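Colleague:
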Amino acid sequence: IDGRSGESVVLKPAKIRGVESSGMVCSEKELGLSGEHEGILVLAADAPVGTPLAQYLGDSILDLDVTPNRPDWLSMVGVAREVAALTGVAVREPEHTYEELDDPAPTRVSVEIADPDLCSRYVASVIEGVKLGPSPSWMQERLTAAGMRPINNVVDITNYVMLEAGQPLHAFDFSAVGGEKIIVRRANEGERLVTLDGEERELTTDMLVIADENQPVALAGVMGGADAEVTEETQTILLESATFHAPNIRRTASRLKSRTEASTRFEKGLSAELAIVAAQRATKLLVELAGGRALHGLVDNYPEPVKEVRIDVTRRRLEQVLGIDLPTSTVREALTSLGFGCKWEPPEHYHVRVPYWRTDVGIPDDIAEEVARIVGYDQIPTKNLGGDVPPAIPQPLRDLRERLRDALAAAGMQEIITYSLTTSEDLERVLPEGQLDQLLKVVNPLSAEHEYLRPVLRGSVLRTLAANVRQREGEIALFEASRVYLPKRGELPEEQEHIVGVVTGTREDRWGRSSDEPVDFYDAKGYVQAALKVAGVEGTFEAAEEFGLLPGRTAVVSAGGAKVGVIGQLHPSVASSFGIDQDVYLFELVVNHLLPAVQAGVGYAPLMRFPAVVQDIALVVDIGQPAEDVSKLIERHELVRAVQVFDVYEGEGVPAGRKSLAFSVTYQSAEKTLTDEEVARAQSEILKSLSDELSAELRG
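Per the working numbering, the sequence shown starts with residue 2, numbered consecutively.
1) Ordered along the chain, which non-local residues of its own chain (more than five positions away) have a Cβ less than 8 Å from that of Leu-640?
2) Nearest by alpha-carbon distance to Glu-370: which of Leu-323, Asn-445, His-352, His-451 is it?
3) Our contact map puts Ala-106 next to Val-124 with C-beta atoms below 8 Å; I'd like the distance itself, whole angstroms only.
4) Under 8 Å, do Tyr-486 and Pro-456 count as touching if we go by C-beta distance?
5) If you count every other CB in all the chains shown that lies within 10 Å of the CB of Ala-45, and 16 or more means buried, which is it?
6) Spell out the partners DSSP gives Glu-345 in its beta bridges.
7) Taking 8 Å as the limit between beta carbons, can you name the residues of its chain near Ser-632, skipping five residues before and five after?
8) Under the three-state reduction of DSSP, which class applies to Asp-389: helix, strand or coil?
9) Take every Cβ of the stretch 258–272, pair it with every Cβ of the stretch 72–81, and state whether three or more of those distances are shorter than 8 Å.
10) Does the stretch 400–416 come into contact with the stretch 428–436, if we say contact requires no fewer than three beta-carbon pairs (one atom in each stretch) closer than 8 Å?
11) Are the beta-carbon atoms belonging to Thr-261 and Met-224 less than 8 Å from one another?
12) For a test of the three-state rule: what should DSSP assign to Val-110, helix, strand or coil?
13) Mind reading off the beta-carbon distance from Ile-312 to Val-355? Whole number of angstroms is fine, and I expect it under 8 Å.
14) For Leu-296 and Asn-302, what's the separation of their Cα atoms in angstroms?
15) Is the stretch 421–431 in contact with the stretch 492–512, if contact means three or more CB pairs nearer than 8 Å?
16) For the alpha helix (DSSP H) that Lys-526 lies in, which residues bound it at each end?
17) Nearest-angstrom Cα distance between Gln-570 and Glu-476?
18) Flag this pair as yes or no: are the beta carbons of Leu-197 and Glu-241 separated by less than 8 Å?
19) Excluding sequence positions up to five away, which residues of its chain have a Cβ less than 8 Å from the Cβ of Lys-308?
20) Could you check whether Gly-566 and Leu-551 sit closer than 8 Å to each other, using their CB atoms as the reference points?
21) Would you kindly work out how many angstroms separate the C-alpha atoms of Ile-211 and Met-163, rounded to a whole number?
22) On the three-state DSSP scale, how would you describe Met-140?
23) Assuming Ala-221 and Cys-120 are in contact, meaning their beta carbons sit under 8 Å apart, how far apart are those beta carbons, in whole angstroms?
24) For my contact list, Thr-159 and Ala-146 are in at a C-beta cut-off of 8 Å; report their separation, rounded to the angstrom.
25) Buried or exposed for Gly-293, please, with buried defined as at least 16 other CB atoms from any protein chain shown within 10 angstroms of its CB.
26) Can you check which of these residues, Thr-108, Pro-95, Ala-247, is closest to Val-1 by C-alpha distance?
27) Pop quiz: Val-353 and Ile-368 are said to be a contact at Cβ under 8 Å. What is the actual Cβ separation, rounded to whole angstroms?
28) Buried or exposed, going by whether 16 or more other CB atoms sit within 10 Å of the CB of Phe-588?
29) Taking 8 Å as the threshold (C-beta atoms), are Glu-200 and Arg-193 in contact?
30) Between the stretch 613–630 and the stretch 486–503, are three or more C-beta pairs nearer than 8 Å?
31) Suppose the cutoff is 6 Å on Cβ atoms and the five residues either side in sequence are ignored; what does the same chain contact list for Ala-697 look like?
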């Protein structure tokens, strides 16, 4: 590899000082093994002549896809433990013992943890007389194979132990640590730190730093600081091995856009016991490979030692989870091979001791999973499900809600689904002041937009409608069927099933083509009637007033003698608060209140054998006459099966103070096919009743 361009070159015979040469002595950089370019690569004396260099120096590299719950697999020892369990061989743990000086390390440096929630353990080792230089070739080769660039013996050792044990480490120049004291604390607002990559980073109070008595010297779990970096002048090293709060490290690394090998491991959650194991191993290598002399002991600040995890699991539970009753010896061998301690207490209990590196194991079913992995899923026989199928539990409320949803969708409305949590601003727009003090607030909301459990669906539906109005034209008909939460003093909230629908825009014809006619109250009423028809109840509509709806254009919906909902035109002030500048018609059904009427109205009616006759009539009535009263009077006739309002008109051709109502009337007899004369006679009788009781006239 060309040292200047970095491009691959082909060696050719050349004359050097008059002598032809067919080869070239190369440095490690020229061979692509490392960044070392001073001097040539010297092989061991026993290197077999004639063996390809790639074969002699090469190694098998496994690329593992590690799941987030297994940080122990981000290490050579962790993978070795797994391979040992699968193959039945023993793991050869790295050595950790080394010679120490008489001078105790705690007399040279102290460690203070200001926030134990963010740093559960901090271990420090002090090594004197360190000589900076290149690390051994075997270490450089292993680091290079793992994708890390060799730098010097001190940095290489910390990286090597991280790859070997899975615990990130950091080495400080001890002379740069002010006051010979390490303080693990939150950063001060506006505090700055120049990290090893040369970037000056502005810190916030939710970031954890390693500081001396004067300033930060490292960003905990992410990267060291440039001021305490190990240099060629460094003689004494302070070695750090700590356990940090995983979510905090993840947030810090993400915010600073600095994902490192260290932060990748810390953010998955490491065992506090691993810190001391890695510190001892790295100290041993610094003594052996960097000429260091280790002070006696380690500085170990461990405010709240984590108790060893012990799990009791029964033989019956293992059988329930795995579907097979494994012999006791098989279970014990499987767990022991993975480093677990296992004691069998006849006739039923296993007492399992979880090794410190298995932070993902905490419940009996985790033990069952470990046994299954080692025994082999292929050894667990497939069994057909047995036993009786439990009877279905009737859920009439849910069934009614689903029927209403299907009915509204079949009628042409589009269903939406929104969050159960909402904002106080949306609720203030649709609730009267007296109800705002009783809102159910979440203690730890994810954001201000998801702060309150909604007692009504109106706010969420109207917010969605506003977004649709901005993007679409024509008729927009949306509904949501979901649960609401009503506060109750001294008790848990009452949960109810509600359905809220909204209609706005211009009406579409039966072919789906948009027209110039705006939707009105009766479009919304038609959707409600379609839903009630599927539910099997007759609904009545009576004029009423409702907060947020326009007076004079609002009705309460009743069924079975009880109020089950409301329908009306949205008040313009409410519509404008959501950014909607057109007429909106809204209906709301309380499924809980509708259910008793549905259950009481269940009965049998024979299918009509004879055809129906549909005729339209247009009536002129007083402008204040509710269409519902007219419909009821028409329905009183024995031959009338259904009445539907399809047009309301005021204006030219209709006297002042009057309005035109157009109805579609369905005539049908259970006994015979109706003749034209019989239908005409029935219509004449209906018109006479309308004239006598409501002063209605047939529109010419």
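Glycine residues also receive a C-beta, built at the ideal position from the N, C-alpha and C atoms. Source: prediction; values computed, not measured.
Modeller: With the structure as the only source:
1) Tyr-668, Gln-669, Ser-670, Leu-675, Glu-679, Val-680, Ala-683
2) Leu-323
3) Between Val-124 and Ala-106 the Cβ distance is about 10 Å, and since that is not below 8 Å, they are no contact.
4) yes
5) exposed
6) Per the sequence presented here, residue 345 reads as Trp, with Glu not at that position. For Trp-345, which the question treats as bridged, DSSP gives the partners Tyr-351.
7) Val-644, Val-646, Phe-664
8) coil
9) yes
10) no
11) yes
12) coil
13) 6 Å
14) 17 Å
15) no
16) 522–536
17) 15 Å
18) no
19) none
20) no
21) 19 Å
22) helix
23) 7 Å
24) Not confirmed; about 17 Å, so no contact.
25) buried
26) Outside the shown range of the chain, which is 2 to 701, sits residue 1, and nothing can be said about it.
27) 6 Å
28) buried
29) no
30) no
31) Leu-620, Val-622, Leu-691
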